[in-house]
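Residue numbers (our numbering), protein chains in the order written: chain A, 3 to 233; chain B, 297 to 890. For glycine and all other residues, C-beta sits at the position ideal for the given N, C-alpha and C. Here the structure is a predicted model, which is why all the values come from computation and not from measurement.
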Amino acid sequence: MSDKKHMIELPVVGAIQMDRRHALKIMAIAAATPGLVSCEPSAPEADVASVPTPASNPRAKGTAADPDLVAPVVPWQRTLSADELASLAVLCDVIIPADVRSPSASQVGAPDFIDEWVSAPYPGNERDAVLIRGGLVWLDRESAERFGEDLRFRDLTSEQQHAICDDICFVPDASEQHELGARFFDRVRYLTSTAFWTTTEGMTDLEYIGNVALAQWDPPPAEVLQHLGLG
Amino acid sequence: MRRKRQQEYDVIIVGSGAAGGMCAYVLACSGVKVLMLEAGRDYDPVTETPMFQLPKDAPMRGAGTVEKPFGFYDATVDGGWEVPGEPYSSADGTDFRWWRARMLGGRTNHWGRISLRMGEYDFKPHSRDGLGFDWPLSYEDVVPYYDKTEALIGVYGSNEGLENTPSSSPGVLLPPPAPRATELLAEHHCRDLNIPVIPAHLAILSQRLDASRVSRELWPNNAMARRVTEESMRSRAACFFATPCGRGCSIKANFQSPTVLLPPALATGNLDIITDAMVREVTLNARGRATGVHYIDRTTRLDEHVSARVVILAASALESARILLNSKSGLFPDGLGNGSGLVGKYIMDTVGAGVGGQIPALENTPAHNTDGASAMHMYMPWWLYQEQARGRLDFARGYHIEFGGGRRMPGFGFMGGLAPFTEGSYGARFKDDCRRYYGSFMSFDGRGEMIPNADCYCEIDSDGVDQWGIPTLEFHWKWSEHERNQARHMQHTFASIIDAMGGTVTGTIHDDGARAIAAPGQIIHEVGGVMMGTEPRRSVLNQYCQSWEVENLFVPDGGCFVSNADKNPTLSIMAIAWRASDYIVERLASRSLG
């Protein structure tokens, strides 16, 4: 028991997976911090607490106002069709493509998140469902009108897709005929961004290195202060 | 939780949050037999807090909903501005929002932990500028209780000696955590604007409490209180600077009533708690003394009655006012202890206005951990007292600034509003833009003093009843020029700070303060409605939160406030509740109560 008190327990379920470089950094911090990975015999109390990690919360009623926060579930059914999800996957990847640092939006499940979002039983989400489902139909029609009667957005070349998206990517610049398309695109970009950057892959790409227990809180690194002109 | 072990109780406490929890702790430690009634369900932060859980594992990436307005992982259970089955109404032209939390510990589970003392000016505002009311007590009267409360719950901060920004006694505060990069940058640029940026005071353990010393100092002549306090303090770990405080804290590093106040109170054996007990009415005997309360058992939907020598309402300012107004009798036809007609009157919230900014200097900042103690390490206290005294501002009272930013964990909405900065980039460019702009946004929020006015009040809605059969409240609200002008000043100040930092304001700066100001109730600092004072004609309570008319009835929660300084109220609620509790202990001991 007393040994356990002095150990840091990194949360298994919640901690983001770090790439090796970050893991090494954290380990270096841990190794340099007395009382974190081991303790002196004389150390009176733990420096970093262990965190209980219950698997679920039986006390929660499981309602929307009292959900199980420890083991969350999405209580509603997803509603988009397979075809709509396929269309979304193409658009999500136009918005966030894969590159050397991280995968594309569809590769980390952005269409599924948008499905979860538009299927939620709240007025704002229901409005988004109309905007996005209607937008997908519009996008295919626009593709056909511009590039050929039997072509859908997913069939277009990258250049053709960009030609349409360039006209709808910024609401204030969109022409009157593209205004609805621009609002649709803006919303999909908003949701795709949320979906992508909140994943482990997205947070690793951004080098978000928090949400880990620290033995002590240090001032910002010198390189940060220099970057801000405060060094 | 349903533990009613005693045959008789000295005191019934309605509510388990900041005021109720503090009263239970002080009274139980003093040997008083206490029965606590909590309207919500039992709640244990140690096993229920989603420590480290990620947005991606929550519905809608943790986005706020009507049931969870502060996001999925917020600690609040069965609460928010709307509680199902427990409506309230607003008069025409009023848009009041009433936040409640139906859970053990109430709003202390999710609160911001900001723990600023009211100062000398704040207790005597009317004497200073002729507006509002003076408190029947002074800062000096409350100093020992501020010291004791801070020492008990653990508050980090520093003593800077600034005007009306009190210092704590030596050895009381815990060291503040080192500032984040964004906080240092703001401090650097605020120097030119003569705006002080100093360590914030938050109820978070930046290090473990010195349990032996603190418990000895809090209870020099009470071995039992010392023992339960020391044991409870030893079970609290220091903050490990990860996972947001608003979710609660399973390692007890921040202050919540169910981890800090209730465990030692229960350990005395003098406290019993009944949860799911929605109090409707205080009962009286023929002599006009309180005998107990009626409550609805939420699990059986049956009306129950419990009795005691003393009744303490600590149900939150407006809920306590509601219980008084609903406790009508031949002796008190307008509500209990309401001979002054002031129950429900002069309710206040905090003035809130905010602005965001994008700061180019923060773009591409090298990766580093900016989580810290989740909330702010630094803040700006009000700095223009002298200008106000000279009549140079068009509002009479001050505000402080809460601010933040940095490379925080991405959540719902992350980079969703980037289009104006990138002219709607998408594709590879959008991905690069997100990396570049990550951590470059900052927010500034003003929290200002509202002056009480006769147009802000609540009353029983003649048409309204909740699912427990209890008549509901209707709210009336009007801001004065002081609040509107203050909100405008806030936004213009934040714009000048953002400008000084070389940044761009991301929102709209309103010249009309009415458009800048947050809706009443939105800042969740509602106080007043059961005001204390120096005479029965002009107040409901005396300075010990004791009803002028019903001597064994006390209201030590935010309801007793007669002003609402810019200092967030929870710390003051606890200090005043401790002071009232000491008075109750004395009176019970001398048999002059109940």
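Would you call the CB atoms of residue i and residue j closer than 8 Å?
i                      : j                      : result
residue 200 of chain A : residue 710 of chain B : yes
residue 130 of chain A : residue 80 of chain A  : no
residue 834 of chain B : residue 636 of chain B : yes
residue 676 of chain B : residue 410 of chain B : no
residue 749 of chain B : residue 691 of chain B : no
residue 607 of chain B : residue 884 of chain B : no
residue 463 of chain B : residue 443 of chain B : no
residue 502 of chain B : residue 480 of chain B : no
residue 381 of chain B : residue 762 of chain B : yes
residue 550 of chain B : residue 766 of chain B : no
residue 225 of chain A : residue 662 of chain B : yes
residue 817 of chain B : residue 645 of chain B : yes
residue 53 of chain A  : residue 547 of chain B : yes
residue 536 of chain B : residue 71 of chain A  : no
residue 568 of chain B : residue 323 of chain B : no
Mind pulling the chain A residues with CB within less than 8 Å of residue i?
i                      : result
residue 357 of chain B : 115, 196, 197, 200
residue 319 of chain B : None at all; the shortest Cβ gap to chain A is about 25 Å.
residue 582 of chain B : In chain order: nothing, as chain A lies at least about 42 Å away.
residue 668 of chain B : 219
residue 529 of chain B : Correct list: empty, because the minimum Cβ distance to chain A is about 11 Å.
List the DSSP bridge partners of residue i.
i                      : result
residue 860 of chain B : B/746
residue 757 of chain B : Paired residue(s): none; residue 757 of chain B is not in a bridge.
residue 568 of chain B : B/331
residue 396 of chain B : B/376
residue 695 of chain B : B/744
residue 550 of chain B : B/500
residue 52 of chain A  : Answer is none; residue 52 of chain A lacks a bridge partner.
residue 452 of chain B : B/470, B/498
residue 842 of chain B : B/850
residue 823 of chain B : B/644
residue 675 of chain B : B/494
residue 87 of chain A  : Looking at the DSSP assignment, residue 87 of chain A forms no beta bridge with any residue, so it has no partner.
Which bits of chain B does residue i rub up against, with CB to CB less than 8 Å?
i                      : result
residue 223 of chain A : 662, 664
residue 215 of chain A : 536, 537, 538
residue 118 of chain A : 355, 356
Residues of chain B with a CB under 7 Å from the CB of residue i: which are they?
i                      : result
residue 122 of chain A : 356
residue 191 of chain A : 722
In the DSSP assignment, find the unbroken beta strand (DSSP E) run with residue i in it and report its ends.
i                      : result
residue 346 of chain B : Looking at the DSSP string, residue 346 of chain B is not in any beta strand (DSSP E), and its letter there is neither H nor E.
residue 592 of chain B : 586 to 593
residue 654 of chain B : 647 to 654
residue 491 of chain B : Careful: residue 491 of chain B lies outside any beta strand (DSSP E) and carries neither H nor E.
residue 771 of chain B : 767 to 772
residue 211 of chain A : Premise fails: residue 211 of chain A is in no beta strand (DSSP E) and is neither H nor E.
residue 813 of chain B : No beta strand (DSSP E) holds residue 813 of chain B; DSSP gives it neither H nor E.
residue 609 of chain B : 606 to 609
At what residues does the alpha helix (DSSP H) containing residue i begin and finish?
i                      : result
residue 149 of chain A : 125 to 149
residue 577 of chain B : Per DSSP, residue 577 of chain B belongs to no alpha helix (DSSP H); it is in the beta strand (DSSP E), 573 to 580.
residue 603 of chain B : That residue, residue 603 of chain B, is in no alpha helix (DSSP H); its beta strand (DSSP E) goes 598 to 603.
residue 869 of chain B : 866 to 885
residue 194 of chain A : 181 to 199
residue 309 of chain B : Taken as a continuous stretch (DSSP letters only), residue 309 of chain B belongs to no alpha helix (DSSP H), being part of the beta strand (DSSP E) at 307 to 310.
residue 115 of chain A : 112 to 120
residue 109 of chain A : Element bounds for residue 109 of chain A: n/a, residue is neither H nor E.
residue 794 of chain B : 777 to 796
Give the interface partners of residue i over in chain A, defined as CB-CB distance under 7 Å, in chain order.
i                      : result
residue 363 of chain B : 66, 67
residue 734 of chain B : 208
residue 596 of chain B : None at all; the shortest Cβ gap to chain A is about 16 Å.
residue 725 of chain B : In chain order: nothing, as chain A lies at least about 10 Å away.
residue 450 of chain B : What residue 450 of chain B touches in chain A: nothing, since even the nearest Cβ is about 14 Å away.
In chain A, what lies closer than 9 Å to residue i by C-beta?
i                      : result
residue 484 of chain B : 230, 231, 232
Could you round the C-beta distance between residue i and residue j to whole angstroms and report it? I think they count as a contact, below 8 Å.
i                      : j                      : result
residue 186 of chain A : residue 112 of chain A : In fact, because the Cβ distance is near 15 Å, the residues do not count as touching under 8 Å.
residue 825 of chain B : residue 609 of chain B : Their Cβ separation, rounded to whole angstroms, is 11 Å, which puts residue 825 of chain B and residue 609 of chain B out of contact at 8 Å.
residue 742 of chain B : residue 786 of chain B : 3 Å
residue 702 of chain B : residue 803 of chain B : That belief does not hold up - the Cβ atoms of residue 702 of chain B and residue 803 of chain B are roughly 19 Å apart, past 8 Å.
residue 556 of chain B : residue 611 of chain B : That pair is no contact at about 20 Å.
residue 183 of chain A : residue 119 of chain A : About 19 Å separates the two Cβ atoms, so there is no contact after all.
residue 252 of chain B : residue 404 of chain B : Outside the displayed range of chain B (297 to 890) lies residue 252 of chain B, so it cannot be described from this structure.
residue 386 of chain B : residue 771 of chain B : 5 Å
Please determine whether the Cβ atom of residue i lies at a distance below 7 Å from any heavy atom of the ligand COA.
i                      : result
residue 703 of chain B : As for the ligand COA, it is missing from this structure, which has no ligand bound.
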